[in-house]
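Please read the structure below before turning to the comments.
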Amino acid sequence: MVQLPSVVFSKKVQLPRVIWMFWDKGWEKAPKLQRACLKSWMELNPEFKIVAIDMKQAETVINRKMHYTDEAWNKAIIQAKSDIIRIEILAQHGGIWADATVRCNEPLVSWIDNAVKSTNFIVYERRDPAVTQNTRPHISSWFIASTNSSYIISKWRNQVRKMWSTKPYPPEVHGYFWAHRIFRDLTRIDQEFYNQYKNMPLMDAVGPHCFQNLTSHMNKMTTSQCQRRFKSFYK
């Protein structure tokens, strides 16, 4: 049974000092890349409690059986389960979610409180040429910071639960980026959600998706270009 952290709030925006990271099969079985990323968060953020969980622990933390049927859960692929887990964890407990393939380059205390002060929520957003006006906002959900009182995370979670309660399930309708699509649609049908979203500082996901910009707060290390340039990291 996972031991939930004693939440410590920042003075300004009450962002819990906890970082959630997930590897479904357990961190002792995670590849070197993922374990190295986890280590980077631990080393650069001593002020934060790192909660590294596996699938069984994640289901306990979010009270999965209370909110998602076995049929729906078993239908979801691992990526969809991960999307549900991160949204539920932040809506219920707050804190910071970082994907297992995200390496931290800068201490969170140097910037995170200022980033979330407007809406108690922050997420990176894609603004590259592949994202059209019709598909905006297209968030990048590999890093999310939120209090559990954030309007955005609460509404997002509520809509996720609603859509997973009936068939067809969201991925069957919206594909791989179903959670991103729900976020986008909420900016169009919920005025307060849109207002909160517009009050967030824009954090462009283009730089963090590769090591090209070493001044970024964290870098997504999944592209072949990054792998070629940073082979030593995988050793």
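Under the numbering used here, residue 235 is the last one in the sequence shown; the count climbs by one each step, no gaps.
The beta carbon of each residue, even a glycine, is placed where N, CA and C say it ideally should be.
Keep in mind that this is a model prediction, so the values were computed, not measured.
Quick check on the DSSP output: the beta strand (DSSP E) that includes residue i runs from which residue to which?
{"i": "isoleucine 77", "result": "Careful: isoleucine 77 lies outside any beta strand (DSSP E) and carries neither H nor E."}
{"i": "valine 109", "result": "From DSSP, valine 109 is part of no beta strand (DSSP E); its letter is neither H nor E."}
{"i": "alanine 98", "result": "95-98"}
{"i": "tryptophan 27", "result": "Per DSSP, tryptophan 27 belongs to no beta strand (DSSP E) and is neither H nor E."}
How many whole angstroms separate the CB atoms of residue i and residue j, which I take to be in contact at a CB cut-off of 8 Å?
{"i": "threonine 119", "j": "glutamine 14", "result": "Rounded, the Cβ-Cβ distance is 13 Å, inconsistent with contact."}
{"i": "phenylalanine 183", "j": "tryptophan 164", "result": "That pair is no contact at about 15 Å."}
{"i": "isoleucine 153", "j": "leucine 90", "result": "5 Å"}
{"i": "asparagine 148", "j": "glutamine 92", "result": "6 Å"}
{"i": "alanine 179", "j": "isoleucine 87", "result": "7 Å"}
{"i": "alanine 30", "j": "tryptophan 23", "result": "4 Å"}
Going by DSSP, what residue range makes up the alpha helix (DSSP H) through residue i?
{"i": "methionine 42", "result": "32-44"}
{"i": "histidine 67", "result": "64-67"}
{"i": "methionine 200", "result": "Element bounds for methionine 200: n/a, residue is neither H nor E."}
{"i": "alanine 52", "result": "Not the alpha helix (DSSP H): alanine 52 falls in the beta strand (DSSP E), residues 49-53."}
{"i": "tryptophan 178", "result": "178-189"}
Considering Cα atoms alone, identify which of the options is closest to residue i.
{"i": "isoleucine 53", "options": "Leu44, Met66, Leu38 and Lys65", "result": "Leu38"}
{"i": "lysine 162", "options": "Val116, Pro46, Thr69 and Ala145", "result": "Thr69"}
{"i": "lysine 75", "options": "Tyr194, Pro137, Pro168 and Met55", "result": "Pro168"}
{"i": "leucine 108", "options": "His174, Leu44 and Met21", "result": "Leu44"}
{"i": "cysteine 104", "options": "Leu33, Ile62, Asp24 and Ala58", "result": "Leu33"}
{"i": "aspartate 185", "options": "Arg17, Ile62 and Ile139", "result": "Ile139"}
{"i": "proline 137", "options": "Asp99, Phe121, Arg181 and Gln159", "result": "Arg181"}
{"i": "valine 102", "options": "Pro16, Lys56, Ile144 and Met66", "result": "Ile144"}
Closest Cβ-Cβ distance between residue i and chain B: below 8 Å?
{"i": "threonine 119", "result": "This model lacks chain B altogether; it includes just one protein chain."}
Note down the Cα distance separating residue i from residue j, rounded to an integer number of angstroms.
{"i": "glutamate 125", "j": "phenylalanine 177", "result": "13 Å"}
{"i": "glycine 95", "j": "tryptophan 111", "result": "14 Å"}
{"i": "methionine 42", "j": "isoleucine 50", "result": "7 Å"}
{"i": "proline 171", "j": "arginine 64", "result": "18 Å"}
{"i": "tyrosine 151", "j": "phenylalanine 193", "result": "7 Å"}
{"i": "glutamate 71", "j": "tryptophan 27", "result": "27 Å"}
{"i": "serine 141", "j": "valine 123", "result": "7 Å"}
{"i": "lysine 25", "j": "aspartate 83", "result": "16 Å"}
{"i": "serine 40", "j": "glutamine 79", "result": "23 Å"}
{"i": "leucine 202", "j": "glutamate 106", "result": "18 Å"}
{"i": "arginine 35", "j": "tryptophan 97", "result": "16 Å"}
{"i": "methionine 66", "j": "tryptophan 73", "result": "12 Å"}
{"i": "lysine 198", "j": "valine 18", "result": "26 Å"}
{"i": "histidine 209", "j": "aspartate 99", "result": "Confidence at histidine 209 is low in this model, with a pLDDT of 49, below 50, so its placement is unreliable and no value can be given for it."}
{"i": "isoleucine 77", "j": "valine 160", "result": "15 Å"}
Sequence ranges, alpha helix (DSSP H) only - wholly within the segment 113-172, length at least 4: Contiguous alpha helix (DSSP H) elements confined to the segment 113-172 occur at 151-164, taking only those with 4 or more residues.
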